[in-house]
Amino acid sequence: MNNENAAARGRLDAVHAAIDKAAALAGRRGDDVTVIAVSKTHPASAIAPLIAAGQQVFGENRVQEAQQKWPALLAEHRGCALHLVGQLQSNKAEAAVALFDAIHSLDRPSLVTAIARAVQAAGRQPQLFVQVNIGAEPQKGGVAIDALPGLLALIAAADLRADGLMAVPPLGVEPAPYFALLAKLARRHGLAGLSIGMSADYATAVTLGATHVRVGSALFGERQQG
Ligand SMILES: *Cc1c(COP(=O)(O)O)cnc(C)c1O
């Protein structure tokens, strides 16, 4: 094993150990949590060592960047899955449905329409997470909490299946209350998936029910941008 592969394995093992510990505290199994390795801004050469270490689920936040990086990687590593964790423009819905196994940023009626059309054409539906603007921040994506029931009804009416909820809590404040609120909303609507937790707070998210954690820098090191 070369040095880069060993380093990637070490970071992956550390993340899994922290998840196992947090899951045990909550009476859950670490294996029930999907780790999405968020590879945005990182080149294929940085992704390969994590794949060699056994990581199979990756996340990107831009359709265009994913289109440049991933088709070759997916062709070579057939077990890998790709999740879109960033904002999606309606005019990229078709490309997103074609490339991603899950979309974590469904947050408005126009996007429901665009994704429904793309799903019809493709004959397959990626997993869909509805992003909620859990801290009511004007600059952030996500449906407002009081508009969530209406958006879920639209999704069902469009013959799409919502698999869960996703949120990014406000920066610089304790995330646990926001995670707990999102978990409550997911339960209320009978949604099993809960996409919460990033490098700084994924262990907390696991204790509060995360089924998917989106971990970038803890697995890849710090990003230059993005
Ligand atoms: C970049 C990003 C992450 C990963 O962030 P880290 O702090 O590097 O773990 C998770 N979720 C979303 C939506 C992101 O854009």
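When we follow the numbering used here, the leftmost residue of the sequence shown carries the number 705, and every step to the right adds one.
Where a beta carbon is used, it is the ideal one built from N, C-alpha and C, also for glycine.
- Measuring alpha carbon to alpha carbon, tell me which of G714, L803, G894 ends up nearest Q771. When only C-alpha atoms are compared, the closest one is L803.
- Item | Integer Cβ distance of G730 from V910, believed to fall under 8 Å | Contrary to the premise, residue 730 reads as Ala rather than Gly in this sequence. Between V910 and A730 the Cβ distance is about 7 Å, and since that is below 8 Å, they are a contact.
- Query: Where A727 and G734 are concerned, what is the direct C-alpha to C-alpha distance, given to the nearest angstrom?
  - Reply: Roughly 5 Å separates the two Cα atoms.
- Cα-Cα, which of V823, R828, A826, P813 is closest to T835? Checking the sequence shown, residue 835 turns out to be Gln, not Thr. Measuring C-alpha to C-alpha distances from Q835 to each of V823, R828, A826, P813 identifies P813 as the nearest.
- State the Cα-Cα distance for the pair R715 and H787, rounded to the nearest angstrom. One C-alpha to the other measures close to 20 Å.
- Distance between A826 and P842 (C-alpha atoms, nearest Å): Spanning the two alpha carbons is a distance of roughly 34 Å.
- Message: So, does the region 898-909 touch the region 869-884, judging by three or more C-beta pairs under 8 Å?
- Response: By the Cβ test, the region 898-909 is in contact with the region 869-884, since at least three Cβ pairs between them sit closer than 8 Å.
- Query: Where does the unbroken alpha helix (DSSP H) through T911 begin, and where does it stop?
  - Reply: Where T911 is concerned, the enclosing alpha helix (DSSP H) stretches over 906-911.
- Message: Under 9 Å, Cβ to Cβ, is there at least one residue of chain B near Q843?
- Response: No chain B is part of this structure, which consists of one protein chain only.
- Query: Roughly how many whole angstroms lie between the Cα atoms of L645 and V719?
  - Reply: Because the chain is modelled from 705 through 930, residue 645 falls outside the range shown and cannot be assessed.
- Start and end residues, alpha helix (DSSP H) containing E878: Note, E878: premise wrong, no alpha helix (DSSP H); not H, not E.
- Residue ranges of each beta strand (DSSP E) within the region 825-849, 3 or longer: With a minimum length of 3 residues, the unbroken runs of beta strand (DSSP E) contained wholly in the region 825-849 fall at 831-835.
- Task: Quick one: residues in its chain with C-beta nearer than 7 Å to the C-beta of A800, no 5 flanking neighbours on either side, listed in chain order?
- Result: Around A800: V767, L788, L792, I807.
- Task: Let me know the secondary structure DSSP gives F804 once reduced to three states.
- Result: If DSSP states are grouped into helix, strand and coil, F804 belongs with coil.
- Buried versus exposed, by CB contacts within 10 Å (16 or more), G925: It counts as exposed.
- Message: Using DSSP's beta-bridge definition, name the partner residues of G762.
- Response: In the sequence as displayed, the identity of residue 762 is Phe instead of Gly. DSSP lists A741, L786 as partners of F762.
- When the Cα of A904 is compared with those of A880, S743, L886, A896, which residue comes out closest? The option with the nearest alpha carbon to A904 is A880.
- Item | Candidates I838, V816, N837, of which the one nearest P830 by Cα | Residue V816 holds the alpha-carbon nearest to the alpha-carbon of P830 among I838, V816, N837.
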